[in-house]
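Heads up: the protein sequence lines correspond to chains H and W, in order. No gaps in the numbering here: position 493 of the first sequence is 541 in this note's numbering, and each next residue is one more. No gaps in the numbering here: position 73 of the second sequence is 97 in this note's numbering, and each next residue is one more. For reference, the structure discussed in these notes is given below.
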Amino acid sequence: MPLAAHASGHESLSAGIKYHLRYSVGNSSGIVSKQDILQALGYTVRGWLIDGLIASEERRRRIRAKRLVYLSAEFLIGQSLRNNLFNLGLLQQAEQATKQLGFDLREIADAEADAPLGNGGLGRLAACFMESLATLGMPAYGFGINYQFGLFKQEIEDGFQKEKADQWLSYNSPWLIERPAETCAIPLYGRIEHAQAKDGTYNPMWVDWQIIIGVPYDLPVVGFGGRTVNYLRLYSARASDEFDMKIFNSGDYLRAVEDKIKMETVSKVLYPPDSAPAGKELRLVQEYFMVACALRDAVRSYARESPGGSMERLGDYVTFQMNDTHPALAVAELMRILVDEHSLGWEAAWTVTQTCCGYTNHTLLPEALEKWPVSLMERVVPRHLEIIYEINRRFLAHVERKLPGDQARSKRMSIISDAGEIRMANLAIVGSHSINGVAALHSQLVKTRLVPDFYTLWPERFNNKTNGVTHRRWLACCNPSLAELITSSVGEGWLTNFSDVRGLEAHARDKAFQEEFLRLKRENKIHLAALIYDTEQIRVDPESLFDVQVKRIHEYKRQLLNAINVMHAYLCLVDEGAKPAVPRTHIFAGKAAPGYWMAKLIIKLINNIAALVNQDPRADGWMKVVFMRDYRVSLAEKIIPAADLSEQISTAGMEASGTGNMKFAMNGAVTIGTLDGANVEIVEEVGVDNIYIFGLKVEEIEVRRNGYHPWDCYHASPGVRRVLDALRDNRFSPEEPGLFQPIVDALLDGGDYYFHLADFDSYLAAQNRVSWDFQDAPAWAVKAILNVARSGKFTSDRAVAEYAKDIWAIKSIAL
Amino acid sequence: MRLIEQKIGGNVVLAVLEPRLVADKAQAFKESVGRYFSDGPISLVLDLAKVEFIDSTGLGAILSVLKRMPKGSELLVCRLNEAVTSMFMLTRMDRVFTICKTVDEAMTTLSRA
Chain H
49 MPLAAHASGH ESLSAGIKYH LRYSVGNSSG IVSKQDILQA LGYTVRGWLI DGLIASEERR
109 RRIRAKRLVY LSAEFLIGQS LRNNLFNLGL LQQAEQATKQ LGFDLREIAD AEADAPLGNG
169 GLGRLAACFM ESLATLGMPA YGFGINYQFG LFKQEIEDGF QKEKADQWLS YNSPWLIERP
229 AETCAIPLYG RIEHAQAKDG TYNPMWVDWQ IIIGVPYDLP VVGFGGRTVN YLRLYSARAS
289 DEFDMKIFNS GDYLRAVEDK IKMETVSKVL YPPDSAPAGK ELRLVQEYFM VACALRDAVR
349 SYARESPGGS MERLGDYVTF QMNDTHPALA VAELMRILVD EHSLGWEAAW TVTQTCCGYT
409 NHTLLPEALE KWPVSLMERV VPRHLEIIYE INRRFLAHVE RKLPGDQARS KRMSIISDAG
469 EIRMANLAIV GSHSINGVAA LHSQLVKTRL VPDFYTLWPE RFNNKTNGVT HRRWLACCNP
529 SLAELITSSV GEGWLTNFSD VRGLEAHARD KAFQEEFLRL KRENKIHLAA LIYDTEQIRV
589 DPESLFDVQV KRIHEYKRQL LNAINVMHAY LCLVDEGAKP AVPRTHIFAG KAAPGYWMAK
649 LIIKLINNIA ALVNQDPRAD GWMKVVFMRD YRVSLAEKII PAADLSEQIS TAGMEASGTG
709 NMKFAMNGAV TIGTLDGANV EIVEEVGVDN IYIFGLKVEE IEVRRNGYHP WDCYHASPGV
769 RRVLDALRDN RFSPEEPGLF QPIVDALLDG GDYYFHLADF DSYLAAQNRV SWDFQDAPAW
829 AVKAILNVAR SGKFTSDRAV AEYAKDIWAI KSIAL
Chain W
25 MRLIEQKIGG NVVLAVLEPR LVADKAQAFK ESVGRYFSDG PISLVLDLAK VEFIDSTGLG
85 AILSVLKRMP KGSELLVCRL NEAVTSMFML TRMDRVFTIC KTVDEAMTTL SRA
């Protein structure tokens with residue numbers, strides 16, 4: 049295929065599609081399906097991407113630019129076709145080319161399966177960062193695992209979540225390029241033999257290990273304008289030998305492939321969120337596999353590109369960013385490589401390691417901080433355990449020198465706990481020159497609540513990098529009509545300089561602009577209403593207020609608080625005839641971890657509320673409740689542009705940042721939220737008049753934590769009482785009595801850890817203000833437009849530029 | 025176990041012709057190479073140029089020969105490819121063995137010993 053014929057024009061795209069239909073898809077019948085076109089178009093675009101990738105690599109090599117290796121167990125990529133075409137500037141040509149073949153590009157792009165290699169915010173952040181880094185022309189590469197089964201598909205049966213395996217195209221996706229020449233052999237298991245070297249010095253030898261082969265698959269990431277193409281390098285695990293031939297020859301065929309199967313399990317499945325990792329050996333192996341492959345690759349590239357270069361200068365060549373603690377073993381693995389394989393002295397190796405590594409914290413929830421039993425670590429990575437012991441010994445000696453005489457402090461800071469566990473966050477902090485949180489409030493809480501001892505020791509290492517999202521995917525691509533309106537108002541510059549959207553402020557009070565803005569929102573709502581009918585068979589009114597909460601289901605995110613409010617509105621309507629101020633469509637979506645029983649019960653509750661409300665003629669015309677199944681990136685891209693109200697209602701102090709809140713704001717949804725995570729900065733940006741803030745603040749929660757009695761709320765609040773009584777009386781589970789009693793118990797007798805009841809009245813009052821304000825369409829339009837106009841801060845372009853300058857010391861490479 | 029023996033001066037150079045020195049070859053390797061030391065101390069150079077892949081049992085077999093050879097013996101390895109070298113370094117066996125690039129370098133090293 050003459051891919052040099054990348055000449056613009058849909059003719060070359062058409063030729064590419066036809067070529068790949070025949071030679072990549074193998075279709076010569078003339079009967080072509082949507083999937084065939086999707087594959088053929090994907091392979092055609094792949095040619096552009098590969099050319100860009102080679103050119104970008106050459107430019108980086110030529111000037112010996114320092115590179116970022118972004119280590120992340122998750123990259124929640126979603127679909128790629130539309131965004132690749134958009135960033136390459138080929139969208140219109142592809143529309144024409146597919147039309148010529150009798151297909152609609154929108155339908156083709158919608159048919160692409162999501163790459164579900166992540167659970168939620170952390171993984172999507174990594175994907176947004178990769179796109180922004182490429183757009184800014186930064187030499188940056190993501191390293192992770194090519195999970196065969198990504199996050200499960202969610203089905204709803206009788207209101208309950210059911211999980212189904214989601215095997216995406218982990219091997220034959222047009223976006224993945226296999227790199228057999230860059231394969232890595234990764235040792236694990238075995239034991240340490242305490243031996244002597246030739247010169248008589250102590251020589252701990254790692255022996256009897258087994259090998260996993262890491263086979264990389266590169267997923268090109270093109271920046272806007274197509275000038276830079278970076279890649280995500282995702283590793284699949286393979287056994288080192290196809291079979292154990294000795295066993296095979298003896299006739300025991302099944303045992304012969306046993307090891308092969310065991311090793312390949314390593315990249316089989318993405319661990320779901322919120323599942324306690326303790327004791328999950330496979331998860332530890334995955335984390336080690338990922339960092340061992342990535343570091344080996346980086347060190348090998350350094351040796352290739354700087355022949356004879358000293359490993360002491362590795363930090364001039366590469367920087368590693370650990371996205372949460374999943375890659376924290378990078379600290380020990382880099383030390384092992386430097387000390388064992390490159391014979392650096394401990395101090396020199398430690399300086400290199402700290403220079404190279406940075407750590408991003410993503411959670412304040414103590415239960416989400418990873419800890420691994422020493423015994424497990426000893427079995428899986430015995431040499432690394434030894435190295436961690438030595439890091440810890442030297443670190444605690446340093447603590448004693450700097451902050452002497454405080455045993456309790458030393459115990460808190462130790463990488464190894466008294467319970468015999470490795471604290472991965474402590475390992476990541478000790479081994480990094482930079483530790484950052486992901487929103488201003490969160491970074492403050494990291495310093496004051498999560499690890500104050502470390503902040504006392506190394507205040508200069510702590511910093512904030514507020515999250516961002518790529519506005520090209522989350523506005524320009526997913527909301528093209530709004531994007532056009534923005535471009536017609538402020539020019540095209542906003543695509544690469546998002547702060548330009550500030551120019552919309554000048555139009556916010558322009559009647560014609562408001563009408564156009566509201567018309568486009570209504571169009572998006574009509575599309576979503578059609579999708580809701582298509583997937584859930586529920587008719588919703590696009591004129592109603594679309595009140596949306598879409599995110600992982602977790603108690604701290606408080607979908608339950610939203611559900612309590614919906615039940616309250618319904619009960620007021622049917623018991624008292626109190627009609628809401630405006631008709632609302634309450635839209636929920638999100639997955640619960642398969643083992644998180646309470647989260648799954650909340651899904652069932654929402655579905656039961658939906659079943660009751662949607663068939664009740666008294667509620668008809670006033671409220672509808674929808675739980676959209678199988679929340680994923682591509683579904684978010686359809687829901688968010690259609691939202692009027694964005695629910696960001698986590699318990700204050702529990703959401704690190706949130707990124708959904710940013711996506712909604714930039715699409716003109718007004719937020720109702722607590723002062724938590726990045727909501728605090730959204731308030732600062734959009735102004736207190738253009739957001740609905742309610743609930744207890746972090747410090748108020750801290751004060752009330754010990755003296756909080758949910759029963760007092762029950763007695764004091766008629767709204768709380770009404771809803772909990774109805775739940776207890778099975779009004780939302782008439783056929784399943786007692787089903788939701790555990791929710792009532794958790795709220796009243798279980799201490800209501802997440803302060804649902806304490807915040808309910810405040811939430812209700814804020815919701816009433818929303819209903820009131822929504823009736824005044826022009827005033828609402830001003831709020832919505834100002835949300836878009838003032839969301840410039842929340843692009844991931846800004847976030848990665850800050851990381852690049854303050855932490856990574858990498859620079860954009862000019863063409 | 026496929027080996028080719030060559031005598032240079034008073035030293036033995038043993039070229040290992042197995043592309044994969046792994047579990048099913050380890051025992052045979054220990055026996056075949058160990059035999060050279062059965063009549064007393066000698067200097068032996070293992071030429072691993074043909075070995076494309078070695079696992080921990082292969083390394084263990086070489087280490088076992090080293091541990092059992094009679095006092096006064098020498099065991100050197102040479103002509104390791106990149107993958108095999110990395111396995112020696114990974115295990116820190118490069119600090120136990122003298123590793124030479126060529127057979128000639130090994131001979132020179134032995135002559136200085």
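Beta carbons: idealized from backbone N, C-alpha and C, even for Gly. Note that this is a predicted model, so its numbers are computed, not measured.
At least one beta carbon of chain W lies nearer than 8 Å to the beta carbon of E389(H). Taken in chain order, the whole alpha helix (DSSP H) runs of length 4 or more contained in the region 90-167 of chain H are 129-136, 139-148, 153-158. Excluding residues up to 5 positions away in sequence, K82 lie with their Cβ nearer than 7 Å to the Cβ of E155(H) in the same chain.
The C-alpha of F197(H) is placed about 21 Å away from the C-alpha of L86(H).
When DSSP states are grouped into helix, strand and coil, C124(W) belongs to the strand group.
DSSP lists I720(H) as the beta-bridge partner residues of E695(H). Close partners of M253(H) in chain W (Cβ separation under 7 Å): T115, R116, M117. Comparing C-alpha distances from K74(W) to each of L83(W), L45(W), T122(W), V120(W) shows the shortest one belongs to L45(W). Against S288(H), the close residues of chain W are D79, in the order they occur along the chain (beta-carbon pairs closer than 7 Å). Here the region 237-257 of chain H does not lie against the region 704-717 of chain H, with fewer than 3 beta-carbon pairs under 8 Å apart. Per DSSP, reduced to three states, the secondary structure at H242(H) is strand.
Interface with chain W (8 Å Cβ-Cβ cutoff): P430(H) is excluded. Under the Cβ distance rule, G58(W) does not count among the residues neighbouring chain H, no pair being separated by less than 8 Å. If one requires a minimum length of 4 residues, the alpha helix (DSSP H) runs lying completely within the region 741-777 of chain H are 746-752, 758-764, 766-776, in chain order. Between P268(H) and R227(H), the gap from beta carbon to beta carbon reaches 8 Å or more. Short of 6 Å from the beta carbon of F842(H), and not among the five residues preceding or following it, lie these beta carbons of its own chain, in chain order: G516, M710.
Nearest to P421(H) by alpha-carbon distance, out of V347(H), I464(H), L412(H), is I464(H). The beta carbons of L805(H) and V792(H) sit no closer together than 8 Å.
Counting C-beta atoms within 10 angstroms of its own C-beta, W257(H) has 16 or more neighbours from the protein chains shown and is therefore classed as buried.
Chain-order list of chain H residues neighbouring A107(W): A233, by C-beta distance under 9 Å.
For the C-beta of I259(H), the chain W residues within less than 7 Å are, from N- to C-terminus, D79. Residue-level contact check: K246(H) touches chain W, since one or more beta carbons of chain W fall below 8 Å from its beta carbon. Burial of G166(H) is indicated by the presence of at least 16 other C-beta atoms within 10 angstroms of its C-beta. Put simply, the CB of G84(W) is near chain H, with a gap under 8 Å to one of its CB atoms.
Excluding residues up to 5 positions away in sequence, K652 lie with their Cβ nearer than 6 Å to the Cβ of F208(H) in the same chain. For A346(H), none of the residues of chain W pass the 8 Å Cβ criterion, the least Cβ distance being about 15 Å. Restricting attention to Q823(H), G708(H), A182(H), C404(H), the CA atom closest to the CA of Q597(H) is found in G708(H). Given a length threshold of 3 residues, each whole run of the beta strand (DSSP E) inside the region 399-487 of chain H is given here in chain order: 405-408, 419-421, 469-471, 482-485. Boundaries of the beta strand (DSSP E) harbouring P264(H): 258-270, taken from the DSSP string.
Fewer than three beta-carbon pairs drawn from the region 185-203 of chain H and the region 133-143 of chain H are found closer than 8 Å, and the two stretches are therefore not classed as touching.
DSSP, read as helix, strand or coil, puts I204(H) in strand. Counting of Cβ neighbours within 10 angstroms places E203(H) among the exposed residues, the total staying below 16. Relative to I858(H), the option among L493(H), Q369(H), S536(H) whose CA is nearest is Q369(H). For R752(H), there are no CB contacts under 6 Å within the same chain when 5 residues up- and downstream are skipped. Those residues of the region 119-134 of chain W placed with their C-beta closer than 9 Å to a C-beta in chain H are R119, V120, F121, T122, ordered along the chain.
The three-state reading of DSSP puts W223(H) in coil, since its state is none of H, G, I, E or B.
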